[in-house]
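Peer 1: Heads up: take any position in the sequence shown, counting from 1, add 11, and you land on the numbering used here. Beta carbons are placed, not taken as given, at the ideal position from N, Cα and C, and that holds for glycine.
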Amino acid sequence: LNKEFVYAYRKAKKVVTPVLVMHYYKNRTSTNRLGITVSKAVGKAHDRNRAKRLIRAAYRECMPKTEAGYNVIISARSKMAYVPYHKVVSAMKYCIEKSELV
Numbered sequence: 012l013n014k015e016f017v018y019a020y021r022k023a024k025k026v027v028t029p030v031l032v033m034h035y036y037k038n039r040t041s042t043n044r045l046g047i048t049v050s051k052a053v054g055k056a057h058d059r060n061r062a063k064r065l066i067r068a069a070y071r072e073c074m075p076k077t078e079a080g081y082n083v084i085i086s087a088r089s090k091m092a093y094v095p096y097h098k099v100v101s102a103m104k105y106c107i108e109k110s111e112l113v
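Right, here's the structure in full:
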């Protein structure tokens, strides 16, 4: 829902890397929910789709290490279109380590 994105951008805690920004806050459920935003600044449609695929794959790889019960919104930054997968994974691991999701 849009109101949850707006709430996350205003009130949630965030971790910033050169590749992505992770906003997170506790929800009232026992599961994590993932939201992905990629603006047109990243590039054309195929670049934005690639960025979303990379974020989903990196989140899936890092997810077993996270605690349940959070809404997580990951925003791609403009460098995302040009980085290899392993850099996205390392940025995701960094975000998870710096957050309360561990």
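1) Quick check: the segment 36-51 against the segment 80-100, are there 3 or more CB pairs under 8 Å?
2) Residues in the same chain with beta-carbon distance under 6 Å from Met91, minus the five sequence neighbours each way, listed in chain order, please.
3) Measure the alpha-carbon distance for Val113 versus Lys51 and round it to whole angstroms.
4) Under 9 Å between the Cβ atoms of Ala102 and Ala68?
5) Of the residues Tyr35, Tyr96, Asn60 and Val26, which one's Cα is nearest the Cα of Tyr18?
6) What's the C-alpha gap between Asp58 and Glu111?
7) Do you know offhand how far Glu72's Cα is from Leu65's?
8) To which residues of the same chain is Arg44 closer than 8 Å at the C-beta, ignoring the five residues directly before and after it?
Peer 2: With the given structure in hand:
1) The segment 36-51, when compared against the segment 80-100, does touch it at the 8 Å Cβ threshold.
2) Around Met91: Val30, Val53 and Ala62.
3) For Val113 and Lys51, the distance between alpha carbons rounds to 31 Å.
4) The answer is no: Cβ separation not under 9 Å.
5) The candidate whose alpha carbon is nearest that of Tyr18 is Tyr35.
6) Approximately 30 Å between the Cα atoms of the pair.
7) Our two residues, Glu72 and Leu65, have alpha carbons roughly 11 Å apart in a direct line.
8) Here the set comprises Asn38, Tyr81, Asn82 and Val83.
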